[in-house]
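This report concerns only the one structure given below.
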Amino acid sequence: MKKLINAVEDVVREQLEGMALAHPDLLKVHFDPNFVYRADAPVKGKVALVSGGGSGHEPMHGGFVGMGMLDAACPGEVFTSPTPDQMYEAAKTVNSGEGVLFIVKNYTGDVLNFETAAELAHADGIAVQSILIDDDVAVKDSLYTAGRRGVGTTVLAEKIVGGAAEAGYSLKQCADLCRKVNQYGRSMGMALTSCTVPAAGKPTFELGEDEMEIGIGIHGEPGRTRMKLKTADEITEILALGIIEDGPYTRTVREWDNEKGEWVDVELTDEPFKPGDQVIAFVNSMGGTPVSELYAVYRKLAQICEAKGLTIVRNLIGPYITSLEMQGCSITLLKTDEEILRFWDAPVKTPGLRWGI
Amino acid sequence: MKKLINAVEDVVREQLEGMALAHPDLLKVHFDPNFVYRADAPVKGKVALVSGGGSGHEPMHGGFVGMGMLDAACPGEVFTSPTPDQMYEAAKTVNSGEGVLFIVKNYTGDVLNFETAAELAHADGIAVQSILIDDDVAVKDSLYTAGRRGVGTTVLAEKIVGGAAEAGYSLKQCADLCRKVNQYGRSMGMALTSCTVPAAGKPTFELGEDEMEIGIGIHGEPGRTRMKLKTADEITEILALGIIEDGPYTRTVREWDNEKGEWVDVELTDEPFKPGDQVIAFVNSMGGTPVSELYAVYRKLAQICEAKGLTIVRNLIGPYITSLEMQGCSITLLKTDEEILRFWDAPVKTPGLRWGI
Amino acid sequence: MVVTKPQIVRWLEKVAAVLDENKEYLTQLDSAIGDADHGINMSRGFGKVMEKLPGVADKDIGNILKTTGMTLISSVGGASGPLYGTFFMRSGMAMAAKEELSDQDLYQLLKAGVDGIVQRGRAQPGDKTMYDAWLPALEAMKNKLEDGADLLAALKTAVAAAEQGMKNTIPMQAKKGRASYLGERSIGHQDPGATSSYLILNALLETLQEQ
Amino acid sequence: MVVTKPQIVRWLEKVAAVLDENKEYLTQLDSAIGDADHGINMSRGFGKVMEKLPGVADKDIGNILKTTGMTLISSVGGASGPLYGTFFMRSGMAMAAKEELSDQDLYQLLKAGVDGIVQRGRAQPGDKTMYDAWLPALEAMKNKLEDGADLLAALKTAVAAAEQGMKNTIPMQAKKGRASYLGERSIGHQDPGATSSYLILNALLETLQEQ
Ligand SMILES: Nc1ncnc2c1ncn2[C@@H]1O[C@H](COP(=O)(O)OP(=O)(O)O)[C@@H](O)[C@H]1O
Ligand SMILES: Nc1ncnc2c1ncn2[C@@H]1O[C@H](COP(=O)(O)OP(=O)(O)O)[C@@H](O)[C@H]1O
Ligand SMILES: [Mg+2]
Ligand SMILES: [Mg+2]
Ligand SMILES: [Mg+2]
Ligand SMILES: [Mg+2]
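Chains as they are written, first to last, in my numbering: chain A, 144 to 500; chain B, 144 to 500; chain C, -6 to 204; chain D, -6 to 204.
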């Protein structure tokens, strides 16, 4: 295992210490329980956004803490969901009285741990809503699986809802916007190489010199199919068509009903993309793939979108939701409307994403 | 070889096409000869900055074209300096009449090709100055080598001088500031893995599972020493002390004398860092190392700087000057003063670096 | 047979030791159909439990189990953290104020815990989860006890059923948790959570078999 | 002996072919002490020269050589591009307007080219560069011609000297170019530029030896 780390037990803590040292103007880090939060939290009059998940996906989520994006991020151990006390303490720290929105990627671990945190925060009198991101079209079925995973759309949702919260959206408005963004976004990823969880010490999976994994998640979990290595154009086509040609997607998600103080089952159906849609195109590196290669993917993606009648109105290209040092990429397309675009363009100032300020 | 590419001959062109498609608001790409230039070039009343070098270091240099940084960047083949016609055509395209500053990394190939370009531009009546960046302390000696290589300080120089040009600095002022930044900056890098030049198809060098290369350049050229893999703290210490304890560095560089129209030899001496210095600390990924690991390096670097009496006043952490998908990192420290800090903080809007706007 | 408080403490210690011994094995299983952390998660969690135990060893059994559950919840993370955490929280609530346990108590302890797992995780039999080890174990234990067998005999049958249930996960296609993303590719691998569940139950049997 | 224009064109074609054949070999040498591109660079450059040649094959020799130089400059890049580019530019200038070459002309052609390399790159003998192949070759050729030998004999000696010069770079420590960064670690490897220079000179000999 080749990494810039010290003892494997200290990886997450030391990286957080580095973040705290590097960005004192933007964020602070609380240890035990671990969470990263805005230096100026709680921000008066603003709904607070809290996300979190296993570490190893940096800059997500800690790198997205700051003005116009997250108020707090709760990092678990590498690839392991954080624990409820992290989200609970973070929520208490950043809540300004306007309530807290949990943005949760749909993995059993994240879902269960955030559920407990929501219950704890509610019991404390904090207004909480919780929205699931489940955008990974590589997971076809929700009846026979834990449902689609939360991947690239998470980054876009955190930016867009972050902009809205900054603009004074209420908790319910933030939750509704976040749900819409999730329903408008679809992603799919692939890996050229495996990653190595520090504590495990060896690659999570083995891929032959001429093989790749299509439909990979962000935890080194195997994907939908393994196949012979293909060209950037062919890979882009597989991912892009997987997204664009994905049909309606219906599933039941649990959302916290803040009024009733209980979990309710909500049935959601995401509509497919259609010609004429305006989209944000997000080409993401899995961590080990340099940005140069992403531009080759973007090139083909732009051609495919044009052929399919989708207009790319904004793009994001780089390593934003990664799997340690894994080589590979993912594509996210997000249908936009005036509201989404306005908050996408709004200023953001975080270690991982910054513009307009 | 595992990369997101199509045919190896098309790698550079297709990546440039992707850039052009992704950032039409910021830049344009000219093909044959290849150069990336500001969408709004030439910018009236502003000195134009032109840099360039082999491809494979993205986002440098093409990703630094835009407001507050470069006016044009000339990408060669992967790890191969560009040819003079690229810099010559780029200079003609972006020159607004205020002259063109070439920012050249000190590699024999880059130096020779930029020299020819400067001569051609001068013959065309374009005011040209040319500043070498040679900041890599891994190269000890200038008498017995081609001199120190240009590495991390290049990124900082392009940002800082870009800010100055935007603020109305004259060609001579830009050149003087660029020379100062170069003299104030020192860098050193290391590799955990090799990279693979697409056209070569196999790793440039072989490193054992428990080995690393210290003092590596940015082209997969072997470094100063190969040693057993160490911890992030130990690696950071080797690099940081290599930089901080580096003595005065004297060498002769060729600069273009724009008045006389000829090359002149200039002797320069860089002074070592000393306690009390304020610095910009730049922790760079070689491409395959994720940002999370860079924070562990930054953590230790901050401790070392504090112990050595250096105050980190700004930092930059991420993949900015890379070697394809190589894993590893480099550290750059740049002594600052009021002028440098002012232009570091100035707004910049490029695909690779953006703030304040 | 009466199960004493020191035996419950001993059980938890044994679980910690056994999970630590099987850390690599469980992680290995998780790397085939998950994200290669189950062993690491469980051993970290029970390591924390071991730190907390001395502080509550003189409290009642319900309290000890609840502390175990809360510690797991706040130190394991992942799917298994809330699930095993709920298991021990619920079993602790079921055993509130007890200083020793009867045969029926021990069955109720396990039953309450497993009910908690199902309520949190909504697993169905055959979903290829830890529930597929617990469900047959509980059924076997219940039947044995109803047949009048003594606790050790009933627990032995339960452990055998858990082991069989664990093995039965091999041909299953996962429908819950991370492994479900693999679809048919999850077939042919033993579920890590079912394996840790078997180990936890077996540790209980071994504790009670000790003199 | 008179060297004709078609022979010069044939030489350049042979160089293109030989560098293409040795593309991997030269790149291999460059990967040991450089950045693994010398073969790729040279073969790309002479590939371009081959595209340009038909358009100027009826011009004078000086013109053909200058076109070769300019094409190399604008297509090779790296250190070798400007150096070989300058070589052919300068040899072209030295042979301006010539339609055929005498023995002395051919020597002057090479001499002017090598002077250009030195002026651009400032190499000293022993720096482990292409100059370490050219310098002994020029000296040997000059001596042979002064001794009254014919062109072919002089060129044969020159090629042998270039080959020896190329091999002599193995024990040298590089002081110019990318290899110099390696310090003592550059010792023990043959310089790629010296190798391509030997191949270029040898191609000239082979051309003139053809009927
Ligand atoms: N919904 C669920 N109900 C019951 N058990 C589950 C459920 N989801 C996952 N599991 C169990 O959790 C185990 C994985 O635990 P672990 O690897 O620690 O968490 P994660 O999957 O978050 O990395 C699986 O092997 C399975 O037995
Ligand atoms: N200053 C110099 N003078 C003469 N030859 C040089 C000089 N610097 C480098 N070379 C030659 O150039 C060769 C390397 O060429 P190449 O690999 O194509 O360029 P680069 O080093 O830029 O990748 C070296 O082997 C050496 O012979
Ligand atoms: Mg996990
Ligand atoms: Mg090169
Ligand atoms: Mg797991
Ligand atoms: Mg080379």
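Think of the CB as a built atom: it goes at the ideal place given N, C-alpha and C, for glycine as much as any other residue.
Y31 of chain D CB to nearest heavy atom of ligand 6 below 7 Å: Just to set this straight, residue 31 of chain D is His in the shown sequence, not Tyr. Yes, ligand 6 has a heavy atom inside 7 Å of this Cβ.
Run the proximity test for K169 of chain D: is its beta-carbon closer than 7 Å to any non-hydrogen atom belonging to ligand 8? Ligands in the displayed structure: ligand 1, ligand 2, ligand 3, ligand 4, ligand 5 and ligand 6; ligand 8 is not one of them.
Kindly indicate the opening and closing residues of the alpha helix (DSSP H) around K104 of chain C. Segment 96 to 114, the alpha helix (DSSP H) holding K104 of chain C.
With distances taken Cα to Cα, identify the nearest neighbour of E352 of chain A among A:Q470, A:T288, A:V282. Among A:Q470, A:T288, A:V282, the Cα nearest to that of E352 of chain A belongs to A:Q470.
Can you have a look at G419 of chain B and say buried or exposed, based on whether 16 or more other CB atoms are within 10 angstroms of its CB? Here G419 of chain B is exposed: its Cβ has fewer than 16 other Cβ atoms, across all protein chains shown, within 10 Å.
The beta strand (DSSP E) enclosing V456 of chain B, as first and last residue numbers: For V456 of chain B, the enclosing beta strand (DSSP E) covers residues 454 to 461.
Assign T288 of chain A to one of three DSSP states: helix, strand, or coil. T288 of chain A falls in the coil class under three-state DSSP.
Using beta-carbon positions only, say whether T475 of chain B and N401 of chain B come within less than 8 Å of one another. Not closer than 8 Å, so no.
CB contact flag (A216 of chain B, H204 of chain B, <8 Å): Between A216 of chain B and H204 of chain B, the CB-CB gap stays under 8 Å.
Note the first and the last residue of the continuous alpha helix (DSSP H) segment covering E380 of chain A. Segment 375 to 387, the alpha helix (DSSP H) holding E380 of chain A.
Tell me whether P75 of chain D, by its Cβ, gets closer than 7 Å to a heavy atom of ligand 2. Residue side-chain check: P75 of chain D keeps its Cβ at 7 Å or more from all non-hydrogen atoms of ligand 2.
Considering only their Cβ atoms, is the gap separating L496 of chain A from M212 of chain A smaller than 8 Å? Cβ distance < 8 Å, so M212 of chain A and L496 of chain A count as in contact.
Cutoff 7 Å; reference W4 of chain C; Cβ partners in own chain excluding five residues on either side: Contacts found: A196, L197, T200.
Compare the C-beta of P225 of chain A against all C-beta atoms of chain B and say whether one is closer than 8 Å. The Cβ of P225 of chain A sits no closer than 8 Å to any Cβ of chain B.
Quick check on L131 of chain D: buried or exposed, where buried means 16 or more other Cβ atoms within 10 Å of its Cβ? So L131 of chain D ends up on the buried side.
At a CB distance below 7 Å, what residues from the stretch 12 to 44 of chain D approach chain B? Give them in sequence order. Cβ contacts with chain B come from T20, S24, G27, D28, A29, D30, I33, N34.
R322 of chain B - DSSP class collapsed to helix/strand/coil: The answer is helix: DSSP assigns R322 of chain B an H, G or I state.
How would you list, in chain order, the residues of chain D whose beta-carbon sits under 7 Å from the beta-carbon of P365 of chain B? Residues of chain D passing the Cβ test: L175, R178.
Check for me: the beta strand (DSSP E) holding V271 of chain A runs from which residue to which? Counting along the chain, V271 of chain A sits inside the beta strand (DSSP E) bounded by residues 271 to 276.
From G170 of chain D to G252 of chain B, what distance separates their C-alpha atoms? Answer to the nearest angstrom: the Cα atoms are 8 Å apart.
Range of the contiguous beta strand (DSSP E) that encloses V243 of chain A: It spans 243 to 248 - the beta strand (DSSP E) in which V243 of chain A sits, taken as one unbroken run.
Closest to G328 of chain B by C-alpha separation, out of B:R292, B:G242, B:P346, B:C338, would be which residue? The shortest Cα separation from G328 of chain B among B:R292, B:G242, B:P346, B:C338 belongs to B:R292.
Take the Cβ of F486 of chain B as the centre, count every other Cβ of all protein chains shown within 10 Å, and call the residue buried at 16 or more, exposed below. F486 of chain B is buried by the Cβ-count criterion.
Could you work out which residues of chain A lie near A72 of chain C, taking near to mean beta carbons separated by less than 7 Å? Against A72 of chain C, the close residues of chain A are T251, G252, L255, in the order they occur along the chain (beta-carbon pairs closer than 7 Å).
Answer yes or no: the CB of D23 of chain D versus the heavy atoms of ligand 6, is any distance below 7 Å? Distances between the C-beta of D23 of chain D and the heavy atoms of ligand 6 include at least one below 7 Å.
Going by C-alpha distance, which of D:M(-6), D:D13, D:D28 is nearest S179 of chain D? D:D28 is the residue among D:M(-6), D:D13, D:D28 whose C-alpha sits nearest the C-alpha of S179 of chain D.
What three-state label does DSSP hand E220 of chain B in the structure shown? Reduced to three states, the DSSP call for E220 of chain B is strand.
Assuming L19 of chain D contacts M35 of chain D under a Cβ cut-off of 8 Å, what Cβ separation, rounded to an integer in Å, is found between them? With a Cβ gap of about 6 Å, L19 of chain D and M35 of chain D count as contacting.
Under 8 Å between C-beta atoms, does Y441 of chain B make it to chain A? Answer yes: the Cβ-Cβ gap between Y441 of chain B and chain A drops below 8 Å somewhere.
Could you tell me the distance, in whole angstroms, from the CA atom of Q112 of chain D to the CA atom of I387 of chain B? Counting only the Cα atoms, I387 of chain B lies some 36 Å from Q112 of chain D.
Determine the DSSP secondary structure at C317 of chain A, reduced to helix, strand or coil. Residue state, collapsed to three classes: helix.
Any beta carbon of chain C sitting closer than 8 Å to that of D228 of chain A? It does: the Cβ of D228 of chain A has a partner Cβ on chain C nearer than 8 Å.
Using 7 Å as the cut-off, classify the Cβ of A343 of chain B as near or not near the heavy atoms of ligand 2, replying yes or no. No, Cβ of A343 of chain B sits at least 7 Å from all heavy atoms of ligand 2.
Can we count D184 of chain D as close to ligand 6, meaning its CB is less than 7 Å from some heavy atom? Look at D184 of chain D: its beta carbon is at least 7 Å from all of the heavy atoms in ligand 6.
M63 of chain C (DSSP reduced to helix, strand or coil): Three-state result, M63 of chain C: helix.
Using 8 Å as the limit for Cβ to Cβ distance, is R156 of chain A near chain C? At a cut-off of 8 Å between beta-carbon atoms, R156 of chain A makes no contact with chain C.
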